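Chemist:
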Amino acid sequence: MDSNSTVNFFNISQSFTVSDIIVIGAYFLMNVAVGVWSSCRVSRNTLSGYFLAGRDMAWWPIGASLFASSEGSGLFIGLAGTGAAGGIAVAGFEWNATYVLLALAWVFVPVYVSSGIVTMPEYLGRRFGGERIRMYLSALSLLLSVFTKISTDLYSGALFIQVCLGWNLYLSTVLMLVVTALYTIAGGLAAVIYTDTLQTVIMIIGAIILTITAFNKIGGYSNLEGVYQKAIPSKIIPNTTCHLPRADAMHLFRDPVVGDLPWPGMTLGLTILATWYWCTDQARESSLVPKFCIRVFGGGGGVEGGGCCFCRILEVPV
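Below is the structure:
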């Protein structure tokens, strides 16, 4: 087979030491332990205890859960890959959400909470009346979630397990589904929030270690631009230009006409998409609104602002 082929690119045998196996095993054990602990901490015998975590949750795990929900394996791996292929302008997708999240905390969520709803179809049903709009949005949200989010996160996570452990891709997917379903169904919203908090801690620590290691290997940020322009993939498709680094790779604001991510679209047009994604997307609001209802219904106003601000503090550097 041609040495340039990428067919068996991921069929790489990995040799792991005892310390690697201990770290991986400890990770799964911590997830299970946190899920069990959170399930026991909050009463699940009532609807409030199961779906709203007993309406008793501090702002920092809510912010951490919001961060983990948005920075899943798909974004964590996908944005890094896109940045490596096209440059740093892709960071605009995350930075653009800064003021959108502030709007979510102080404009959208107060309206949702005061309406007493926990899902977007429920809000539209109360706002406009009728059942058809609720059924339409519910079906559309499910389809979009399955085909554009859940499938992507599952594939990227399973791909990571396959590359690192050499496991079968489908076996890795099933394993991720089973582990996630176990602590989610057994523990309710409290288990989701606390396990998300654990994932946030792990992602932040891992990102810091990876960043320090990468800059040490490349000789600091001052050498990054020069080395990046010389980085040519060893395995490419039959094309003369697509594998070459972009000349504007180190520019955050790119040409409005010939740029692949033009600055008017990244600063203004993207706000429309970000408002839908963060403020009205059912897949996000179905878990976000109940988290904010926890303290707002309990008399602790302002938790939505603290949670959103904490999420942005974590997301911008990552």
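Residue numbering for the sequence shown follows our numbering, starting at 204 and increasing by one per position.
From the three backbone atoms N, C-alpha and C, an ideal C-beta is built for every residue, glycine too.
Bear in mind the structure is a predicted one, so any value in this text is a computation, not a measurement.
Tell me whether Arg457 sits in a helix, a strand or coil according to DSSP, three-state version.
Modeler: The residue you call residue 457 lines up with position 254 of the sequence shown. In this structure, Arg457 counts as strand in the three-state DSSP scheme.
Chemist: Buried or exposed: which applies to Ser437, given that a residue is buried once 16 or more other Cβ atoms fall within 10 Å of its Cβ?
Modeler: Against the sequence shown, residue 437 aligns to sequence position 234. By the neighbour-count rule (16 or more Cβ atoms within 10 Å), Ser437 is not buried but exposed.
Chemist: Less than 9 Å between CB atoms is the rule here; does Thr285 satisfy it with respect to chain B?
Modeler: Going by chain labels, chain B is absent from the structure shown, which holds only one protein chain.
Chemist: Please go through the same chain and pick out, in chain order, the residues whose beta-carbon is closer than 6 Å to the beta-carbon of Ile320, but skip the five residues on each side of it.
Modeler: Mapped onto the sequence shown, residue 320 falls at position 117. Excluding residues within five positions, the ones whose Cβ falls inside 6 Å are Tyr326.
Chemist: Going by the DSSP bridge assignment, what does Pro465 pair with across the sheet?
Modeler: Counted from its first residue, the sequence shown places residue 465 at position 262. BP columns for Pro465 point to Arg457.
Chemist: Whole angstroms is fine: what's the gap from Ala342's alpha carbon to Asp223's?
Modeler: Your numbering for residue 342 matches position 139 in the sequence shown. Your numbering for residue 223 matches position 20 in the sequence shown. Taking the straight line from one Cα to the other gives about 43 Å.
Chemist: By how many angstroms is the C-alpha of Ser425 removed from the C-alpha of Leu380?
Modeler: Here residue 380 corresponds to residue number 177 of the sequence shown, with the count starting at 1. Here residue 425 corresponds to residue number 222 of the sequence shown, with the count starting at 1. Rounded to whole angstroms, Leu380 to Ser425 spans 42 Å at the Cα level.
Chemist: By a C-beta neighbour count over all protein chains shown, 10 Å radius and 16 as the cutoff for buried, is Glu334 buried or exposed?
Modeler: In the sequence shown, residue 334 corresponds to position 131, counting from 1. Counting Cβ neighbours within 10 Å, Glu334 comes out exposed, since fewer than 16 surround it.
Chemist: Can you list, in chain order, the residues of its chain with a C-beta nearer than 6 Å to that of Ala271? Leave out the 5 residues immediately preceding and following it.
Modeler: Along the sequence shown, one-based indexing puts residue 271 at 68. Correct list, in chain order: Asp399, Gln402, Thr403.
Chemist: Quick one: grab the DSSP three-state call for Lys420.
Modeler: For this step, residue 420 is matched to residue 217 along the sequence shown. DSSP places Lys420 in helix when its eight states are reduced to three.
Chemist: Using only the alpha-carbon positions, how far apart do Ser242 and Gly266 sit?
Modeler: By one-based count along the sequence shown, residue 242 stands at place 39. By one-based count along the sequence shown, residue 266 stands at place 63. Between the alpha carbons of Ser242 and Gly266 lies a gap of roughly 20 Å.
Chemist: What is the DSSP secondary structure of Asn371, reduced to helix, strand or coil?
Modeler: Taking the sequence shown and counting its residues from 1, one reaches residue 371 at position 168. Here Asn371 sits in coil by DSSP.
Chemist: Is Val404 helix, strand or coil by DSSP?
Modeler: For the purposes of this step, residue 404 is taken as the residue at position 201 of the sequence shown. Helix at Val404.
Chemist: Between the alpha carbons of Leu346 and Leu447, how many angstroms are there, rounded?
Modeler: In the sequence shown, the residue the question calls residue 346 occupies position 143. In the sequence shown, the residue the question calls residue 447 occupies position 244. Those two C-alpha atoms are separated by around 36 Å.
Chemist: State the DSSP-derived secondary structure class of Ala361, mapped to helix, strand or coil.
Modeler: For this step, residue 361 is matched to residue 158 along the sequence shown. DSSP places Ala361 in helix when its eight states are reduced to three.
Chemist: How big is the Cα-Cα spacing for Ser375 and Val460?
Modeler: As a first step, residue 375 must be located in the sequence shown, where it is residue number 172. As a first step, residue 460 must be located in the sequence shown, where it is residue number 257. Rounded to whole angstroms, Ser375 to Val460 spans 43 Å at the Cα level.
Chemist: What does the alpha-carbon distance come out to for the pair Phe279 and Gly238?
Modeler: Taking the sequence shown and counting its residues from 1, one reaches residue 279 at position 76. Taking the sequence shown and counting its residues from 1, one reaches residue 238 at position 35. Rounded to whole angstroms, Phe279 to Gly238 spans 23 Å at the Cα level.
Chemist: Apart from the five residues on each side of it in sequence, which residues of its chain come closer than 7 Å, Cβ to Cβ, to Pro197?
Modeler: Because the chain spans 204 through 521 in this model, residue 197 falls outside it and cannot be assessed.
Chemist: From the DSSP output, in three-state form, read off Ser437 for me.
Modeler: Counting from 1 along the sequence shown, the entry for residue 437 is found at position 234. Three-state DSSP puts Ser437 in coil, outside helix and strand.
Chemist: For Ala288 and Phe350, what's the separation of their Cα atoms in angstroms?
Modeler: For this step, residue 288 is matched to residue 85 along the sequence shown. For this step, residue 350 is matched to residue 147 along the sequence shown. Between Ala288 and Phe350, the C-alpha separation is close to 24 Å.
Chemist: Might you give, ordered along the chain, the residues of its own chain that have their beta carbon closer than 6 Å to the beta carbon of Thr220, omitting 5 neighbours on each side?
Modeler: As a working mapping, residue 220 is identified with position 17 in the sequence shown. So no residue of the chain qualifies.
Chemist: How would you write the range of the alpha helix (DSSP H) that Leu327 sits in, first residue to last?
Modeler: Along the sequence shown, one-based indexing puts residue 327 at 124. Element bounds for Leu327: 323–331.
Chemist: So, Met453 versus Gly332, is the Cβ gap smaller than 9 Å?
Modeler: As a first step, residue 453 is located in the sequence shown; it is residue number 250 there, counting from the start. As a first step, residue 332 is located in the sequence shown; it is residue number 129 there, counting from the start. In this structure, Gly332 does not lie closer than 9 Å to Met453 by Cβ.
Chemist: Looking only at C-alpha atoms, which of Leu269, Tyr230, Thr301 sits nearest to Thr478?
Modeler: Residue 478 sits at position 275 when you count from the first residue of the sequence shown. Among Leu269, Tyr230, Thr301, the Cα nearest to that of Thr478 is on Thr301.
Chemist: How many angstroms separate the CA atom of Ile353 from the CA atom of Gly422?
Modeler: For this step, residue 353 is matched to residue 150 along the sequence shown. For this step, residue 422 is matched to residue 219 along the sequence shown. Rounded to whole angstroms, Ile353 to Gly422 spans 37 Å at the Cα level.
Chemist: On the DSSP letters alone, give me the boundaries of the alpha helix (DSSP H) that Arg335 sits inside.
Modeler: One-based indexing of the sequence shown puts residue 335 at position 132. Here the alpha helix (DSSP H) through Arg335 covers 335–348.
Chemist: Could you name the residues of the same chain whose beta carbon sits closer than 8 Å to that of Thr383, not counting the 5 residues immediately before and after it, in chain order?
Modeler: Counting from one through the sequence shown, the residue named residue 383 turns up at place 180. There are no such residues.
Chemist: How long is the line joining the alpha carbons of Ser359 and Leu282, rounded to whole angstroms?
Modeler: One-based indexing of the sequence shown puts residue 359 at position 156. One-based indexing of the sequence shown puts residue 282 at position 79. Each residue's alpha carbon lies about 12 Å from the other.
Chemist: Just tell me which of Gly462, Asp463, Leu304, Gly284 has its CA closest to the CA of Ser273.
Modeler: Mapped onto the sequence shown, residue 273 falls at position 70. The shortest Cα separation from Ser273 among Gly462, Asp463, Leu304, Gly284 belongs to Leu304.
Chemist: Roughly how many whole angstroms lie between the Cα atoms of Gly391 and Leu269?
Modeler: Locating residue 391 in the sequence shown gives position 188, where the first residue counts as 1. Locating residue 269 in the sequence shown gives position 66, where the first residue counts as 1. Approximately 16 Å, taken between the alpha carbons.
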